[in-house]
Every structure is written in C-alpha cells, then in structure tokens.
Amino acid sequence: GNVPTELGHLTKLTLLDLDNNQLSGQIPNEIGALSLMVYCSLFENILWGTIPKSFGSLTALTRLRLDNNIMDGPIPTEFGRLSSQLQELNLHYNDLTGTVPTELGNLVNLRILEMQENRFSGPIPTEIGNMANLERFQIYHNGLTGTIPSEVGLMSALTTLDFATNQLTGSIPVLPSPLTTLDDCYLAQTYEGVTEQNCFTDSLGNPNTDNAGICVVVNNCI
74 GNVPTELGHL TKLTLLDLDN NQLSGQIPNE IGALSLMVYC SLFENILWGT
124 IPKSFGSLTA LTRLRLDNNI MDGPIPTEFG RLSSQLQELN LHYNDLTGTV
174 PTELGNLVNL RILEMQENRF SGPIPTEIGN MANLERFQIY HNGLTGTIPS
224 EVGLMSALTT LDFATNQLTG SIPVLPSPLT TLDDCYLAQT YEGVTEQNCF
274 TDSLGNPNTD NAGICVVVNN CI
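Using the numbering used here, read the sequence shown as starting at 74 and increasing by one per residue.
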C-alpha cells in the first residue's frame with residue numbers, strides 16, 4: 074500500500090520506521106507536519122515520485138533514510154533548513170537527478186552523506202567544505218562533472234570519500250590541509266590514469282607530494 078496522508082496528524086510522533094516493506098506510491102507532503110520527528114526511515118520500499126519539499130520543515134531530524142527506492146527528481150533545496158540536528162542523510166540507490174544543491178553545505182552537523190547510484194549531474198559544490206563533521210561521503214556511480222574542489226580538505230573528519238565512476242576531469246587537488254582521518258578514497262573510473270600507485274606514491278614508492286593531503290594519508294585507493 075501507500076504511505077497514508079493521515080500520518081501528518083500524528084504531530085507528536087518522534088520516530089517513523091517503515092523500512093523493508095512493499096510500500097509504493099509517493100511520500101505525502103503531509104509528512105512535513107511531523108515537526109518533532111527525529112528519525113525517519115523509509116528505505117527498501119518501492120516509493121516513487123519526487124522528495125517532498127515539506128521535509129525541510131522537519132528541523133528536529135537527526136537521521137533521514139530514503140535509500141533503496143525508485144524516487145526521481147532533484148534534492149529539494151529546502152533540505153538546507155535541516156542544519157541544526159541532521160547527522161545522517163541516505164539517498165542512495167534511487168533515480169534522483171539534477172545537481173548537488175549548494176544548500177547541503179548548511180548541514181554542518183552531518184556525519185554520513187550517501188548519494189551513490191543515482192543520476193546526479195553537474196559539479197560538486199564548493200560548499201561541501203562547510204561540513205567539517207562529515208565522516209562518510211559517498212556519491213559514486215553518478216554523472217558528476219568538473220573538478221574535485223579543494224574545499225574537500227576542510228572536511229577534517231572524513232574517513233571515507235568515494236567519487237568513483239563519475240565524469241570528473243582535471244587533477245586530484247592539492248588540499249589546504251591533510252585529511253589525517255581518511256582511511257578509504259575511491260576514484261576509480263573518475264580520473265583516467267589514476268591508480269593506486271600514482272595516487273599515493275611516485276615511481277620510486279615515495280609519497281606523492283603533488284597530491285599532498287588527499288592521497289598520502291589514505292590506506293586504500295581503488
């Protein structure tokens with residue numbers, strides 16, 4: 074069945090967990106009335122249509138999971154209003170399109186951002202550098218273009234960075250400061266010719282200082 078519009082009447086609801094069902098149809102706009110909700114999980118269903126802009130009213134949210142559905146359209150810019158509490162945003166394995174909104178840079182407390190396996194296009198916005206608490210950023214298997222912004226170096230808590238299988242161009246940037254927490258960096262099929270060796274070391278096996286900050290501190294590069 075569908076997600077009922079009547080859920081919008083449950084204005085004192087703080088947790089909504091409807092994952093791993095056979096729910097179909099669109100997410101009703103009425104969900105935006107649940108202003109006290111801190112956890113919303115709708116992943117692993119058959120939900121389609123666009124993400125309601127009314128999600129931007131859920132300013133108490135700490136975790137939002139909409140992954141593993143067949144939703145399309147862009148990420149609402151209204152997501153930028155979720156800056157005060159949101160720590161995890163999962164949108165992967167959908168059919169979302171459009172550019173990565175600059176407003177995501179407002180999510181300064183975000184720790185996990187997963188946007189892989191969609192159809193996003195355009196550049197990676199420089200505003201991502203505002204997310205200094207982000208630990209995992211995965212946006213592989215999309216159609217992103219342009220270069221990796223050096224502002225990635227401001228994301229000092231990163232442990233996983235995955236830009237693989239996009240259409241990025243240019244060179245791996247020299248970052249303003251080393252990402253000393255970074256464990257995994259995936260760039261395969263993003264830059265032609267980038268391999269484990271030339272990402273992390275030169276031909277003699279020494280740290281590649283041309284890419285200081287993003288490569289020499291990483292344990293895995295694929």
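C-beta: ideal position from N, C-alpha, C; glycine also.
Reduced DSSP secondary structure (H/G/I, E/B, other) of residue i
i	result
Glu151	helix
Gly74	coil
Glu208	coil
Thr175	helix
Leu364	Lying outside 74 to 295, the shown extent of the chain, residue 364 is not represented and no answer is given.
Thr218	coil
Thr199	helix
Glu79	helix
Asp90	strand
Arg192	strand
Cys272	Below a pLDDT of 50, predicted positions are generally treated as unreliable, and Cys272, at 42, falls in that range; the measurement from the model is reported next regardless. Reduced to three states, the DSSP call for Cys272 is helix.
Cutoff 7 Å; reference residue i; Cβ partners in own chain excluding five residues on either side
i	result
His214	Gln189, Glu190, Thr238
Gly178	Pro198, Glu200, Ile201, Asn203, Met204
Arg192	Asp168, Leu169, Thr170, Asn215, Gly216
From the options, residue whose alpha carbon lies closest to that of residue i
i	options	result
Leu96	Leu109, His82, Ser114	Ser114
Asp168	Ala261, Thr220, Thr218, Thr123	Thr123
Thr172	Leu241, Gly216, Asn142, Glu151	Gly216
Ile245	Ile221, Ala261, Thr254, Pro125	Ile221
Ser250	Gly226, Pro174, Arg192	Gly226
Spatial distance of residue i from residue j (CA atoms)
i	j	result
Asn93	Leu162	17 Å
Tyr112	Ala230	23 Å
Leu89	Pro147	23 Å
Glu176	Leu252	23 Å
Leu155	Thr132	5 Å
Gly219	Ser194	10 Å
Leu241	Thr170	17 Å
Thr78	Thr254	43 Å
Val247	Pro196	18 Å
Pro65	Pro149	No statement about residue 65 is possible, as the shown extent of the chain runs from 74 to 295 and does not include it.
Gly74	Leu83	19 Å
Asn206	Leu109	24 Å
Gly243	Met228	21 Å
Ser223	Lys85	43 Å
Ala261	Gly153	30 Å
Thr87	Ser157	16 Å
Neighbourhood of residue i by C-beta distance below 8 Å, restricted to the same chain and skipping five residues each side
i	result
Leu159	Leu134, Thr135, Arg136, Leu137, Leu180, Asn182, Leu183
Leu120	Val76, Leu96, Ser97, Gly98, Gln99, Ile100, Leu139, Asn142, Ile143, Met144
Neighbourhood of residue i by C-beta, 6 Å cutoff - its chain only, sequence neighbours within 5 removed
i	result
Glu187	Asn163, His165, Gln211
Thr81	Residue identity differs from the one stated: residue 81 is Gly in this sequence, not Thr. Hits under 6 Å: Glu103, Ala106.
Arg209	Ile185, Thr233
Asp145	Asp168
Asn118	Asn94, Leu96, Asn142
Glu151	Lys126, Gly129
Leu91	Leu115
Proximity test, residue i beta-carbon vs the ligand SAH heavy atom, cut-off 7 Å
i	result
Glu224	Because no ligand of any kind appears in the structure shown, any question about the ligand SAH cannot be addressed here.
Neighbour flag for residue i against chain C, beta carbons, 8 Å
i	result
Ser114	In the structure shown, chain C does not exist; there is a single protein chain.
In chain order, which beta strand (DSSP E) runs of at least 3 residues are fully inside the stretch 231-268? 233-235, 257-259
Output the residue ranges of the alpha helix (DSSP H) runs that lie fully inside the stretch 94-166 and measure 4 residues or longer, sorted by chain position. none
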